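Asker: I'd like to ask you about the structure that follows.
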Amino acid sequence: MHQYLFFIGDFPIRAYGLILSLAIILAVGTAYFLARQDGRWQHHVLDMGVYCGLAGIIGARLWDVFFFDWAYYQDHLLEIPFVWQGGMAIQGGVIAGALVGYIYTKIHKIDTWAFADIVAAPAIIMGQAIGRAANLMNGDAFGNPTGGSFGLLYPSTTLAHATYGDKPLWPAEVWEGQIDVVIFCLLLLFRCTDHRKGQVFILYAVLYSAARFLLEFLRGDYGALLWGLKSAQLTSLAAIVVGLALFAWVGVKGEKISVRKK
């Protein structure tokens, strides 16, 4: 785990920023491949990737500031833009990026749900999977102490070490990145079945929210908010309930998408 990969003069090249940028680039690349494979909208992917990427960074940062770390940032308002310090909430990034993507599709008369199914959902979860490596390198989004001799040990320069010292911690961010790859594969497989328009994106929201809800029990970087649950768990529960209802409703009322047999 190295927060600083190297320096150019006095300017640090941070692992967090580099990997986060790589996650966005590869997510856009995945989206372009899927759109080109489908034969629609590939010429919109780069523009949308820029707009949604910027919106996602802003949304992820603000979500973290106001829902996770407001106790600190209310006294350090000038540090809110310092994204290179870490502190990005994926849920806020997805919501902000999805909102901008929705506006973009409406402006350019693109079928929003079809685009979300074919391009957005698989690309987003791939970006999330890579982005979790940034958290690992930065020493944030860390887990609780395992209570044993196994677990991740973080360097003294990280927030994880400042919080728990030399205690071994659950690899929460590592497991989430691995689960995200599994979800990516499941979404691609689901696309190969006959389904209704919108169900791929809804399935992404449900699967990720379920994984996030469970993994939050291992997270140790912030505390409970309500009923012994953390803020990410509460929003995940809401997403699961709404998502399952939408998945069922779209399954009955939505436009059927049949897989073309070759």
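At position 123 of the sequence shown the residue is numbered 123 (the UniProt record's numbering), and the sequence of numbers has no breaks.
No residue lacks a Cβ here, since even glycine has one placed at the ideal position from N, Cα and C.
Just so you know, these numbers come straight off a predicted model, no measurement behind them.
To the nearest whole angstrom, what separates the beta carbons of Ala31 and Ala134, a pair I think is in contact under 8 angstroms?
Answerer: Indexing the sequence shown from 1 puts residue 31 at position 31. Indexing the sequence shown from 1 puts residue 134 at position 134. That belief does not hold up - the Cβ atoms of Ala31 and Ala134 are roughly 19 angstroms apart, past 8 angstroms.
Asker: Run through the segment 146 to 207 for me and flag every whole alpha helix (DSSP H) of 4 or more residues, listed as ranges in chain order.
Answerer: Counting whole runs of 4 or more residues, the segment 146 to 207 contains the alpha helix (DSSP H) stretches 159 to 164, 172 to 191.
Asker: If I follow the unbroken beta strand (DSSP E) through Leu5, where does it start and stop?
Answerer: As a position in the sequence shown, residue 5 is number 5, starting the count at 1. From DSSP, the beta strand (DSSP E) with Leu5 extends over 4 to 8.
Asker: Mind reading off the beta-carbon distance from Gly243 to Ala211? Whole number of angstroms is fine, and I expect it under 8 angstroms.
Answerer: Stepping through the sequence shown from its first residue, residue 243 is reached at position 243. Stepping through the sequence shown from its first residue, residue 211 is reached at position 211. With 8 angstroms as the limit, Gly243 and Ala211 do not qualify as a contact, their Cβ atoms being about 13 angstroms apart.
Asker: Whose CA, out of Thr105, Gln91, Gly254, Trp170, lies closest to the CA of Gly148?
Answerer: Taking the first residue of the sequence shown as position 1, residue 148 is located at position 148. The option with the nearest alpha carbon to Gly148 is Trp170.
Asker: So, under 8 angstroms CB-CB, Ala187 and Ala129 are touching, yes? Tell me the CB distance rounded to an integer number of Å.
Answerer: What you label residue 187 is simply residue 187 of the sequence shown in a count that begins at 1. What you label residue 129 is simply residue 129 of the sequence shown in a count that begins at 1. Going by the sequence as given, residue 187 is Leu instead of Ala. Actually they do not touch by this definition, with Cβ atoms about 12 angstroms apart.
Asker: CB-CB under 7 angstroms to Lys262, same chain, minus the five flanking residues each way: which ones, in chain order?
Answerer: Position 262 of the sequence shown holds residue 262. Caution applies to Lys262, whose pLDDT of 46 falls short of 50 and renders its modelled position unreliable; the value that the coordinates give is listed next. Within the same chain, Lys262 has no close Cβ partners at all.
Asker: Is the CB-CB distance between His161 and Ile257 below 8 angstroms?
Answerer: As a working note, residue 161 is residue 161 in the sequence shown. As a working note, residue 257 is residue 257 in the sequence shown. No.
Asker: Per DSSP, what are the beta-bridge partners of Ile257 in this structure?
Answerer: As a working note, residue 257 is residue 257 in the sequence shown. DSSP, once it has assigned bridges, lists His195 as partnering Ile257.
Asker: Just reading off the beta strand (DSSP E) that Pro122 is part of, what are its end residues?
Answerer: The residue you call residue 122 lines up with position 122 of the sequence shown. Premise fails: Pro122 lies in the alpha helix (DSSP H), 121 to 138, not in any beta strand (DSSP E).
Asker: Tell me whether residue 272 sits in a helix, a strand or coil according to DSSP, three-state version.
Answerer: As displayed, the chain neither begins before 1 nor continues past 262, which places residue 272 out of reach and without an answer.
Asker: What residue range is occupied by the uninterrupted alpha helix (DSSP H) comprising Ala114?
Answerer: On the sequence shown, residue 114 is found 114 positions in, with the first residue counted as 1. Here the alpha helix (DSSP H) through Ala114 covers 112 to 115.
Asker: Label Ala224 either buried or exposed according to how many other C-beta atoms from any shown protein chain fall within 10 Å of its C-beta, with 16 as the threshold for buried.
Answerer: The residue labelled residue 224 in the question sits at position 224 within the sequence shown. Burial call: exposed.
Asker: Could you say which of Gly92, Lys197, Thr112, Arg61 lies nearest to Glu79 if we only look at CA atoms?
Answerer: The residue you call residue 79 lines up with position 79 of the sequence shown. Taking only the C-alpha atoms, the option nearest Glu79 is Arg61.
Asker: Once DSSP output is grouped into helix, strand and coil, what is the label at Gly143?
Answerer: The residue labelled residue 143 in the question sits at position 143 within the sequence shown. Of the three classes helix, strand and coil, the one that applies to Gly143 here is strand, per DSSP.
Asker: On a Cα-Cα basis, can you pick out the residue from Tyr73, Ile124, Lys197, Leu207 that is closest to Thr112?
Answerer: Sequence index remark: in the sequence shown, residue 112 carries index 112 (1-based). The shortest Cα separation from Thr112 among Tyr73, Ile124, Lys197, Leu207 belongs to Lys197.
Asker: In the DSSP assignment, find the unbroken alpha helix (DSSP H) run with residue 266 in it and report its ends.
Answerer: The question about residue 266 has no answer, for the chain in this structure spans 1 to 262.
Asker: I need the straight-line Cα distance from Ala245 to Met48, nearest angstrom please.
Answerer: For the purposes of this step, residue 245 is identified with residue 245 of the sequence shown, where counting begins at 1. For the purposes of this step, residue 48 is identified with residue 48 of the sequence shown, where counting begins at 1. Looking at the two C-alpha atoms, the distance is approximately 28 angstroms.
Asker: Can you give me the C-alpha to C-alpha distance between Ala141 and Ala172, rounded to a whole angstrom?
Answerer: Reading the sequence shown from its first residue, position 141 is the one you call residue 141. Reading the sequence shown from its first residue, position 172 is the one you call residue 172. If you take the alpha carbons of Ala141 and Ala172, they lie about 7 angstroms apart.
Asker: Could you pull the DSSP bridge partners for Leu229 from this structure?
Answerer: As a first step, residue 229 is located in the sequence shown; it is residue number 229 there, counting from the start. Paired residues: Leu226.
Asker: Going by DSSP, what residue range makes up the alpha helix (DSSP H) through Ala60?
Answerer: Counting from 1 along the sequence shown, the entry for residue 60 is found at position 60. 42 to 67 is the extent of the alpha helix (DSSP H) around Ala60.
Asker: Could you give the DSSP three-state label for Glu79: helix, strand or coil?
Answerer: As a working mapping, residue 79 is identified with position 79 in the sequence shown. Reduced to three states, the DSSP call for Glu79 is helix.
Asker: Residue range of the alpha helix (DSSP H) that Lys106 falls in?
Answerer: As a first step, residue 106 must be located in the sequence shown, where it is residue number 106. 90 to 107 is the extent of the alpha helix (DSSP H) around Lys106.
Asker: What did DSSP end up calling Gln74 once you bin it into helix, strand or coil?
Answerer: Walking along the sequence shown from the start, residue 74 turns up at place 74. Coil at Gln74, not helix or strand.
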